[in-house]
Amino acid sequence: MSVSEIIPADIVIEPSCRRHLHQPDVLTLPAVAPGQLWLAELAAGAPFSAPACHVLGSANVLIYDRALADLVANALPLGGYAEPALDAEAAAARGVHFARDGWSVARLLAARLAPRERTRRVQDVVDELALAKVAGQLPVQILAEAPHGIEEYLSVRFDELTAVVARFPRETQLAIVIDAFGGGAASRVHHIAANGLAG
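According to our numbering, the stretch in the sequence shown is residues 18 to 216, in order.
Given below as structure tokens:
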């Protein structure tokens, strides 16, 4: 897979994402596909992680923490769709709804949250997916990134996700790939509101 397949040439790339274009890590990230839900952490004032750049240029729908509004506004590709999270539970429900409809979804979370807050937000998504009848045995990918690049790449069961996330130090930025509805979820042909930031 080439870089141009991951990040199309017509996308305006946020400056801190440019450093990832020639790094091998970008080429090994899973493709962002219909029916997937990505949870990606962004740290205000720090360069974007490779997974965050990957989903910013690839996901159909971005749902972001309000603290990340400026980062998202500066990095959102032309024609991209993003909306702020009203609260963690509502954002989890909204993300699962879009993914179940066949869209690829990235839930952008502020990095370096207190461990309890981080695990609660992940648990909100787990709870919503459980309500949508996602099987506990579903494999989930966790990408843990330190400042020098991808540090760990784990595959865990969906029902173990929250416990595994709780083990990571808050300084490590995580990206979680949940292919909950990808196996047979066809992307629907309908329009999402308007281009750009919603709300």
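Note that beta-carbon positions come from the ideal geometry of N, C-alpha and C, so glycine has one too.
Of the candidates A128, P156, L171 and Q158, the residue whose Cα lies closest to the Cα of G62 is A128.
The way I'd put it, the stretch 51–71 does touch the stretch 183–201; three or more beta-carbon pairs between them come closer than 8 Å.
In the structure shown, P51 falls within a coil segment according to DSSP collapsed to helix, strand and coil.
Distance from the Cα of Q190 is smallest, within the candidate group L59, V72, L46 and A48, for L59. DSSP places P101 inside the beta strand (DSSP E), whose first and last residues are Y98 to P101. If only complete runs of 3 or more residues are kept, the stretch 61–131 shows the beta strand (DSSP E) at 78–81, 98–101 and 122–127, in order along the chain. Less than 9 Å divides the Cβ of P68 from the Cβ of A192.
Counting only residues of its own chain and dropping the five nearest sequence neighbours on each side, V182 has a CB closer than 8 Å to the CB of R135, T136, V139, I159, L191 and I193.
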